[in-house]
Structures are given as structure tokens and as C-alpha cells.
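Below is one structure; the comments refer to it alone.
Number of protein chains: 2
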Amino acid sequence: MKISELSRRTGVPVASIKYFRREGLLPAGRATAATLAEYGEEHVQRLRLIKALTTLGGLSIAAARDVLTAVDQTESTDETLKEISYALPVPVAQAPAGDADEEAEAAAAAAADVADLIAAMDWQVPGTSPHVQGLTTALRELRRLDADYRPERLVRYAELACSVARLDLERAAAFENSPTLAEQAVVVVALSGPLLELLRRLAQEDQVRRRSA
Amino acid sequence: MKISELSRRTGVPVASIKYFRREGLLPAGRATAATLAEYGEEHVQRLRLIKALTTLGGLSIAAARDVLTAVDQTESTDETLKEISYALPVPVAQAPAGDADEEAEAAAAAAADVADLIAAMDWQVPGTSPHVQGLTTALRELRRLDADYRPERLVRYAELACSVARLDLERAAAFENSPTLAEQAVVVVALSGPLLELLRRLAQEDQVRRRSA
DNA sequence: AGTAGCTGGATACTTAAAGTATCCAGTACT
DNA sequence: AGTACTGGATACTTTAAGTATCCAGCTACT
Numbered sequence: 001m002k003i004s005e006l007s008r009r010t011g012v013p014v015a016s017i018k019y020f021r022r023e024g025l026l027p028a029g030r031a032t033a034a035t036l037a038e039y040g041e042e043h044v045q046r047l048r049l050i051k052a053l054t055t056l057g058g059l060s061i062a063a064a065r066d067v068l069t070a071v072d073q074t075e076s077t078d079e080t081l082k083e084i085s086y087a088l089p090v091p092v093a094q095a096p097a098g099d100a101d102e103e104a105e106a107a108a109a110a111a112a113d114v115a116d117l118i119a120a121m122d123w124q125v126p127g128t129s130p131h132v133q134g135l136t137t138a139l140r141e142l143r144r145l146d147a148d149y150r151p152e153r154l155v156r157y158a159e160l161a162c163s164v165a166r167l168d169l170e171r172a173a174a175f176e177n178s179p180t181l182a183e184q185a186v187v188v189v190a191l192s193g194p195l196l197e198l199l200r201r202l203a204q205e206d207q208v209r210r211r212s213a
Numbered sequence: 001m002k003i004s005e006l007s008r009r010t011g012v013p014v015a016s017i018k019y020f021r022r023e024g025l026l027p028a029g030r031a032t033a034a035t036l037a038e039y040g041e042e043h044v045q046r047l048r049l050i051k052a053l054t055t056l057g058g059l060s061i062a063a064a065r066d067v068l069t070a071v072d073q074t075e076s077t078d079e080t081l082k083e084i085s086y087a088l089p090v091p092v093a094q095a096p097a098g099d100a101d102e103e104a105e106a107a108a109a110a111a112a113d114v115a116d117l118i119a120a121m122d123w124q125v126p127g128t129s130p131h132v133q134g135l136t137t138a139l140r141e142l143r144r145l146d147a148d149y150r151p152e153r154l155v156r157y158a159e160l161a162c163s164v165a166r167l168d169l170e171r172a173a174a175f176e177n178s179p180t181l182a183e184q185a186v187v188v189v190a191l192s193g194p195l196l197e198l199l200r201r202l203a204q205e206d207q208v209r210r211r212s213a
């Protein structure tokens, strides 16, 4: 299949396909001549995955590349899952520091909360995990807003998060050794989140509606 | 407090404060003269909220303005919650259409799945809700990736989402008639999601680690 | 009263991301 | 031989999110 047909099949403009290839998200086609290459179904699939990661997962092109690179370089399911997870950007940008003292104090308190939570949940995660860092930043931010996220409350959220993760990984077991392992793993790790968020909003909407009715 | 002090207190550059005011995220200070205005604690709080929405919530400036505008214009807790929820961008961009036939078929199937889910959960939400639309788009995208999100599986995610929403709204009850209602509501609706996502990733990391150990 | 240093408001500039578009020389069908 | 298409390189465009500059008015210190 030539690039024009790949474009037609996926709805992605030729110029964009070239862009993705340039950025390392899409492997080049099999060259049949100096100015001609052949594309296959794997390219169609890859483009779908790129679209899903960027539109549904909300990833930037650079982040999607990191995820796809991780996917292409690992073998076992578990390793793939971990790589994707770490390649994913944490949804917390570092906020600029305000008052220095206040800042340090808030950071310490947030770090303590995270440590408590990890202990309470008996989670075995390294302190260097980007998610631990991200959670600390997030709690610091929430603390500054006087939001009520004390450990007791946080634990209840964490327990639900555990259940979701169990559901996610249940699926991972099903495609152990599957040829589309990478794609499925990406879906479970990167696309489950936005889906859950949508469901949470719908559930919220329903409950608010019932309350005021 | 003058603008320079507001900047020092919050760590936000003066130019950025002016920018937020220009974009309608931050009310102007009380003018004391043609070229002088007085800012108060409410401006400090508002800037913190803006930072939280953009860095933690991942909202664009435009989206944050919509949320804050909704907040400023409503009175009751329930109304505020709904307005914020609707003002929040749905984390699903419309993907470009590929094959026309295939597309229509996938869209219909996704819409049916959503309808089934809503019926199964007995959710009372209007079909016009942006979240329903978003969920439909998301499922269409996932379906195209051959991801296994059949209704049975989806329902289990939905049930967990319900529990999370219950936890969220439990907090909303606590600040009924509170003077900081708006801020708290924003936290519950817009910032609970990123927090949950972080917890989900941590839980995933823990479970993968245990499995391979 | 003079002046250095802020201020609001307007406007111009900058940077980065995500594409788009153009150009070019080399095929490939007819 | 001619037309249409290709890969590759490069240039351009658009939008978001700030930053920086300018200006005239004020204000506080001296």
C-alpha cells in the first residue's frame, strides 16, 4: 500500500503521516526504490494507536513517541506495562514556588501524607517512581487550596484506585503472549484513565441530579 | 496590597497576573486611583485556584476561565457542581474520520454501548450531556483499536466510578453554604480526577511489581 | 516642590507544539 | 515520453501561553 492509500484508509493527511514518521512515532515503510515505499496493516494499526493516544489519552506527540518507543523495545507483558507507565507524563506540572518558607513546609507535609498512604496501602513502590513524585506535588497543591484530603479520606480513594487497577490488570493477563500485546498494554495503561474519568463525571452528574430532584 | 506584593505572595509574575486579568480569570483590584488598585486575600486565593486548575487539572486558560465564570455566577451547591462539570473540557478530541462506512458503523455501535451502560447503571443523565457524547467518542476510538470494552466489563468500571463519585459528593455535602463553596466544588469536580489517576497508576505499579516478584 | 519608582492599560514580542505546504529529484505506469 | 506520484528536506502557519516594553499618571520620600 502506498502512502496515499494509507492516508485514505486512516483519514490522516499525507503530510501528517510524514510528520509522525519524522518524529519517530511511525516506522518507515519497506523501501522498494529510492522514492517509493510499501506500507502494511501494521502501519494502519499504528496510526490508529497514535490517534487514540493523542486524542483520547491527551498525550503530546513527544509523550506518545516515548510510549511507543517503550512499547517497541520490551518483551514481557510486565516490563511493557511498567515502561509505558513510566513513559506516560504525570498529570501534574510543577507549580512556581511562592513564599519560600510556606513552600518548604507544605512540601514536607505532602511528602509525609504520601508516605503514610503508601504504608497504609502496603504498596511496594520505589520512592523514585514518577507517580510518587507526582502525587506529592498534587497533594501540596491541594493542601495550599485548603482542600480536605487527609489520609483517611485519601485511603478511601486509594482503595478504589486499587480496584480499578485490578480490573485493568485482569485484562493484561488475558493477552499474555498475544501478538498485539503492546497495543493492548497501551490501552490498559494509558487509555483506561480517560475512560474512568468520563464515567466518574457521568456518575457525578447522575448523583447531583438525583439529590436535587 | 499592591500588584507587586500579590506577585511576591503567590510567586506569579506581574506580567502573568495582568494576563490572567486580561483573560477574565482574575477580577480587577479595587481601583483607588487612575493608575492604582488594591488587591486582597481573595485575589491570592483565586490565583492559587488558577494555578491548581492549570497545573494539576491540566486545563487551558480558556477552559479555566469557563470554569471560574461558572463558579462566579451560581448560587446553590448543586447548580455550581453541574456548571463546573459542564464547563470542564471532555478529555476526548474528535478524531478525524477515516473510512466513511466503517466510521458510521463504529459510531452506531459505540452509541448503543453507551445507551446499554446508562440503562444498566440506571443513570439519569440527558443524552445531550457532554459526558455522554465524550464517552461515545471514546468507545468508538477504543473499538477501532479492538480494545475489549464490552458492556459487561464497562459496567464494572462504571460501578467503581460511582463509588468515587459518591466519595466526591460526600465532601460536597460538608461544605454546603460554606463561603468557599466555589473553590471546594472546583476541587471536587476538577481536581479529584487527576488525583485518582495518580493513585490508579501507583496501584498499577504496585500490582505489576508483585506479580513479577 | 521635585523626583524616583511604582502602577494600570495597551500593545508588541517570544517560544513551543503541532501540524501544513512547498520544492525537488527519482520512479512507475501507460 | 509524459503524467502522476513518491520520499526527503525544508519552510511556513497557527494557536496557546505567556513576557516584555511603553506610556502617562500617581505617591511617597526628601
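As they're listed, the protein sequences go chains P and A.
Numbering-wise, the first sequence is residues 1 to 213 according to full-length UniProt numbering.
Numbering-wise, the second sequence is residues 1 to 213 according to full-length UniProt numbering.
A virtual CB, placed ideally from N, CA and C, is assigned to each residue, including glycine.
CB contact below 8 Å: A/R21 versus chain P: no
Contact set between the UniProt domain "HTH merR-type" (1-70) of chain A and chain P, restricted to residues whose Cβ is under 7 Å from the partner: R9, T10, G11, V12, R48, L49, K51, A52, T55, L56 and G58
Length of the line joining the Cα atoms of P/N177 and A/S212: Each residue's alpha carbon lies about 15 Å from the other.
Exposed unless 16 or more other CB atoms sit within 10 angstroms - verdict on P/V67: Classification of P/V67: buried, given that the 10 Å Cβ count is 16 or more.
Exposure of P/E23, with buried meaning 16 or more beta-carbon neighbours within 10 Å: exposed
Endpoints, the alpha helix (DSSP H) within which residue 214 of chain A is located: The first residue shown for chain A is 1 and the last is 213, placing residue 214 of chain A beyond what the model contains.
is_contact[P/Q73, chain A] using C-beta, thresh 8 Å: No, P/Q73 does not count as interfacial toward chain A.
Beta-carbon proximity of A/A64 to A/I50, cut-off 8 Å: Closer than 8 Å, so yes.
Exposed unless 16 or more other CB atoms sit within 10 angstroms - verdict on A/Q124: exposed
Boundaries (first-last residue) of the alpha helix (DSSP H) holding P/T77: T77 to A87
Cβ pair count under 8 Å reaching 3, the segment 132-144 of chain P against the segment 160-170 of chain P: no
Cβ-heavy atom distance, A/L142 to the ligand GDP, below 7 Å: Of the ligands one can find in the structure shown there are none, so the ligand GDP has no counterpart to examine.
A/D101 burial status per 10 Å Cβ neighbour count (16 or more: buried): With fewer than 16 other Cβ atoms inside 10 Å of its own Cβ, A/D101 counts as exposed.
Other residues of its chain near A/L117: CB distance less than 7 Å, five sequence neighbours each side excluded: P151, L154, V155 and A158
A/E38 - partner residues in DSSP beta bridges: A/R30
8 Å Cβ cutoff met for A/R200 and P/G134: no
Close-in-space but distant-in-sequence residues of the same chain around P/T80 (CB under 8 Å, 5 per side omitted): A70, V71, T74, L181, A182 and A185
A/G57 beta carbon less than 8 Å from that of A/L191: yes
Whole-angstrom C-beta distance between P/L160 and A/L160, which should lie under 8 Å: 6 Å between Cβ atoms; contact.
Chain-order list of residues whose beta-carbon lies under 7 Å from that of P/A110 (same chain, five-residue window excluded): T136, L139, R140 and R143
CB contact check: A/S163 to chain P, cutoff 8 Å: yes
Beta-carbon spacing of P/K82, A/V188 below 8 Å: no
Partners in chain P for A/E183, counting only beta-carbon separations shorter than 9 Å: L145, D146 and A147
Whole-Å CB distance - A/E197 paired with P/P91, under 8 Å assumed: 6 Å
Closer than 7 Å at the beta carbon, the chain P residues around A/G193: E197 and R200
P/S7 burial status per 10 Å Cβ neighbour count (16 or more: buried): Only buried fits P/S7, as 16 or more other CB atoms lie within 10 angstroms of its CB.
Proximal chain A residues relative to P/P151, where beta-carbon distance stays under 9 Å: Here the premise fails: no neighbours, minimum Cβ distance about 13 Å.
Coil, strand or helix - A/E105 by DSSP: helix
Under 7 Å from the C-beta of P/A138: neighbouring residues of chain A: L56, P194, L195 and L198
Under 8 Å between C-beta atoms of P/Y39 and P/I3: yes
Cutoff 6 Å; reference A/A31; Cβ partners in own chain excluding five residues on either side: A37
Coil, strand or helix - P/V188 by DSSP: helix
P/R48, buried or exposed, once every other Cβ within 10 Å from all chains shown has been counted against 16: That one is buried.
9 Å Cβ cut-off: residues of chain P touching A/S85: Per Cβ cutoff of 9 Å: R201, Q204, E205 and V208.
P/E23 - containing alpha helix (DSSP H), residue span: Careful: P/E23 lies outside any alpha helix (DSSP H) and carries neither H nor E.
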